[in-house]
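Heads up: the sequence shown runs through residues 419 to 545, numbered per the working numbering.
Data first, discussion second: the structure below is written as structure tokens.
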Amino acid sequence: MEGFDGHPGTSKLASVLSQRMKRENESPLLLDFGEIQANGSLVTNTFPVPIPKGDYSVCRLVNGYTLATSDSSWTGHLQNDKHIHSSPSGVPGHSHDVPMPKLKPGDRVLVAWVQNEAVVVDIIEKS
Numbered sequence: 419m420e421g422f423d424g425h426p427g428t429s430k431l432a433s434v435l436s437q438r439m440k441r442e443n444e445s446p447l448l449l450d451f452g453e454i455q456a457n458g459s460l461v462t463n464t465f466p467v468p469i470p471k472g473d474y475s476v477c478r479l480v481n482g483y484t485l486a487t488s489d490s491s492w493t494g495h496l497q498n499d500k501h502i503h504s505s506p507s508g509v510p511g512h513s514h515d516v517p518m519p520k521l522k523p524g525d526r527v528l529v530a531w532v533q534n535e536a537v538v539v540d541i542i543e544k545s
């Protein structure tokens with residue numbers, strides 16, 4: 419079969435380019451922005467249908483966890499059933515509990531799409 423304008427090479431090139439463009443368009447969007455709605459559902463920029471709470475995943479750092487931090491050069495031990503931090507010199511140690519943010523209605527979020535599942539990665543704030 420003769421190709422475009424009688425040039426089979428041009429037809430073959432057009433076919434290869436067309437196939438590659440189709441594959442490129444088939445690749446899913448990986449990152450997106452979204453907003454948490456009043457009922458806890460998620461609406462993203464590219465998928466404007468609300469995704470009910472429980473049907474999307476949330477990274478633990480935006481799930482309201484509290485992280486415990488301490489100076490790594492300090493050691494800890496129990497005293498009267500309480501965890502006591504102390505330095506090598508015996509001076510009481512230093513630690514903090516750091517509460518992480520919890521999603522709430524109106525939050526703008528960064529969403530990663532993993533196959534067909536939306537995963538809220540973090541809360542986005544204006545600079």
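A virtual CB, placed ideally from N, CA and C, is assigned to each residue, including glycine.
Every value quoted in this text rests on a predicted model; they were computed, and no experiment measured them.
Look at Pro523 and Gln437 and say whether their C-beta atoms are less than 8 Å apart.
-> No, these two residues do not count as a Cβ contact at 8 Å.
Between Pro517 and the rest of its own chain, which residues show a CB-CB distance below 7 Å, the 5 nearest in sequence each way excluded?
-> Sequence-distant partners of Pro517 (beyond 5 residues in either direction) whose C-beta falls short of 7 Å from its own C-beta, in its chain, are Thr484.
Return the CA-CA distance between Ile542 and Asp473, expressed in angstroms with no decimal places.
-> Approximately 21 Å between the Cα atoms of the pair.
Excluding five sequence neighbours on each side, which residues of the same chain lie with their C-beta closer than 8 Å to the C-beta of Ser535?
-> Here the sequence assigns Glu to residue 535, which means Ser is not the residue at that position. These residues qualify, in order along the chain: Tyr474 and Ser475.
Sorted by chain position, which residues of the same chain lie with C-beta nearer than 6 Å to Asp515's C-beta, five sequence neighbours on each side aside?
-> Cβ neighbours of Asp515 beyond the five flanking positions: Thr484 and Ala486.
Cut-off 7 Å between Cβ atoms - residues of its own chain near Asn481, not counting five sequence neighbours on either side | Here the set comprises Lys520.
How long is the line joining the alpha carbons of Gly427 and Leu435, rounded to whole angstroms?
-> Near 12 Å, if we compare the C-alpha coordinates of Leu435 and Gly427.
Go ahead and label Leu431 buried or exposed: buried means 16 or more other beta carbons lie within 10 angstroms of its beta carbon, across all protein chains shown.
-> Under this definition Leu431 is an exposed residue.
Nearest chain C C-beta to Ile542 closer than 8 Å, yes or no?
-> Judged by its chain identifiers, the structure shown contains no chain C, having just a single protein chain.
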